Amino acid sequence: MLTRLIVLLSLILLMEPGTIQGQRNHEIIGYVIDQDTGEPVPYASIGIPEQERGISANMNGFFRFIVPEKNMGHHLQIRSIVYRRLLVPFTAIDWGSEQKFELQPEPTLLEEIVIVGKSETLNELVKSVSKRRKHYLRSKPYLMNGFYKEALRVDGNYRGYTEAQGMLYLNGYDAGYKNSRHHVTYDLAQWKHMRRSNYPDSNNSYLQIASLLRAKDFYLHDGPLKKGNLNKLNYRIADSTSYQDRLVLEISFEPKEQYRDELRYRGSMYITEDDQALLQLAVISDDYEPYMRPSGEQDGVTSSFEINFFRFEGQYYLGRTSLNRSYDQSNQEVNWHMELVGASFSGQQAMFLTYNQRVVLYSEMLNPLVNYDSSFWNDFSFNSSSEALEIAETYPDLGEQFSEHHNARLVPLREGYATYTQMATERN
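The opening position of the sequence shown corresponds to residue 1413 in our numbering, with each subsequent residue numbered one higher.
What follows is the structure, given as structure tokens:
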């Protein structure tokens, strides 16, 4: 049964999202920009309101979106926090050329709003958000097509770079999460396209995405919204804005004086006022990474973490999560940047994997080969232009260096093993 479950999940992950057989599809290629400045709006969500289908633009505001013929009577909807929602009928789109979609900024004056409500204090609002996490954050596993980016700098110069695209298995919000098990993450990926430069240290042959996902799990479960931490933090309203025509409060937080040795982080969160959901969380910490395995070689560690979600058809999906880690090692300043973006999403659900299945699959998925496909990356570059030029100067033979590397494939239960528990135990 377990073998069959994993094989079925493998087949599901091999399916490309948005592929509709027997229908003519139309493709929109466009950029999302700020109406006032003309600058790109990164990671805007693009979708069809009447359907549980959509994508996210990249950091340059660029996107490609497939529209089935049956949806041609609907509208294209583009949304991003602090901007007004844009609705464009498909009949108004020039399908033969690249499009530019302008979003109008929509700030909200703090003085004009009722901050929380007559019956709630700010602390009560945050407690309500904490209690409601399992309702607005999906608890059931789902699949998402996504992009991963990773960069290693040593003393300010690029020493390694990775870009990857594939299917993500998101386990959803786990109310029973225990940080004592942080040696395995709760999200898996099956990479379909990857390009990667050579890294100077053979120990970095694996992607650092595990660090990013551990940080995500920790800060969503054991961070500022953990029940036991709510009374240890000071909160204040920093600003307000709107998202999808709904009021959003920016709430900053920092530990109270007596808890600063216990909670060594600070940050802010964006919370919707009506349904009290978390839209964005940003955390800055100094010498405090309980989600990482401690290393005696790293001194002066600082990190910044950020995660955001977007609302689509009444449900919140993972949008983008990033982690920056800086530290001193061997008299050199080392900086890692990791970033994961949901490129497309839908309301589909994935089969639930047990803890032991995740242990085994995560171990297995770190190593099989994924070949470099230049045509894919020519169509969709995840780099910003200035960054791309700097990387190209650092690695003039980038195409050759991206020829092969390691990551991601699901496997059934191996011959000779009766259960995933046995396989996980023997491998560990």
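Backbone N, C-alpha and C define an ideal beta-carbon position, used for all residues, glycine too.
Because the structure is a prediction, the values reported are computed rather than measured.
Cβ-based burial, residue i [other Cβ within 10 Å; buried from 16]
i     : result
R1672 : exposed
I1858 : What is shown of the chain runs 1413 to 1840, which leaves residue 1858 out entirely.
L1423 : Residue confidence for L1423 is low, a pLDDT of 39 falling below 50, so the modelled location carries little weight and cannot support an answer.
A1627 : buried
F1717 : buried
Q1670 : exposed
S1734 : buried
W1507 : exposed
P1612 : exposed
Q1761 : exposed
E1827 : exposed
M1556 : buried
K1561 : buried
M1606 : buried
S1492 : buried
G1731 : buried
Q1516 : exposed
S1623 : buried
E1428 : Annotation note: pLDDT 41 at E1428 (below 50); position unreliable, no value reported.
E1701 : buried
F1764 : exposed
E1842 : Only positions 1413 to 1840 of the chain appear in this structure, which leaves residue 1842 out of reach.
S1609 : buried
R1648 : exposed
D1599 : buried
E1662 : buried
N1569 : exposed
D1629 : buried
S1815 : Residue confidence is low: S1815 scores 42 on pLDDT, short of 50, so the model does not pin down where it sits. Its coordinate-derived value is still stated next. That one is exposed.
M1750 : buried
T1574 : buried
F1721 : buried
A1587 : exposed
Q1433 : Bear in mind that a pLDDT of 44 at Q1433, under 50, signals an unreliable position, so the number given afterwards is only what the model happens to contain. Per the 10 Å Cβ criterion, exposed.
S1551 : exposed
A1755 : buried
A1849 : What the structure shows of the chain is the stretch from 1413 to 1840, and residue 1849 is not part of that stretch, so it cannot be assessed.
G1572 : buried
V1788 : Residue identity check: residue 1788 is Phe in the sequence provided, not Val. Flag for F1788 reads exposed.
T1533 : exposed
T1653 : buried
For residue i: DSSP bridge partner residues
i     : result
H1486 : In the DSSP output, where bridge partners are listed per residue, H1486 has none listed.
K1512 : Y1443
T1653 : V1660
D1686 : Bridge partners of D1686: none, in fact.
Q1577 : F1559, H1605
E1745 : D1740
F1665 : Y1647, G1679
P1612 : Note: P1612 sits in no beta bridge, so no partner.
M1471 : Per DSSP, none; premise fails for M1471.
E1751 : K1561, S1734
P1517 : Y1495
H1438 : V1479
Y1570 : R1565
L1549 : Y1728
W1459 : In the sequence as presented, Trp is not what sits at residue 1459; that position holds Gly. Answer is G1466, Q1489.
Q1761 : Y1554
L1582 : Y1554, D1599
Residue i: first and last residue of the uninterrupted alpha helix (DSSP H) it sits in
i     : result
A1627 : 1621-1633
L1690 : No alpha helix (DSSP H) contains L1690, which is instead part of the beta strand (DSSP E) from 1690-1698.
Residue i - containing beta strand (DSSP E), residue span
i     : result
E1562 : 1554-1566
R1496 : R1496 -> no beta strand (DSSP E), and no H or E assigned at all.
L1537 : Run containing L1537: none in the beta strand (DSSP E); it sits in the alpha helix (DSSP H), 1534-1543.
E1736 : Looking at the sequence itself, residue 1736 is Asn, so the reference to Glu does not match. Element bounds for N1736: 1727-1741.
P1454 : Segment: none, P1454 is in no beta strand (DSSP E) and carries neither H nor E.
E1718 : 1711-1724
F1502 : No beta strand (DSSP E) holds F1502; DSSP gives it neither H nor E.
P1480 : 1474-1480
- prompt: Between the segment 1706-1715 and the segment 1633-1641, are three or more C-beta pairs nearer than 8 Å?
  reply: no
query: Is the segment 1489-1508 touching the segment 1438-1449, taking contact as three or more C-beta pairs under 8 Å?
result: yes
message: Under 8 Å: do the segment 1646-1662 and the segment 1487-1498 share three or more Cβ pairs, one atom per stretch?
response: yes
query: With contact counted as at least three CB pairs below 8 Å, one residue from each stretch, are the segment 1570-1582 and the segment 1540-1549 in contact?
result: no
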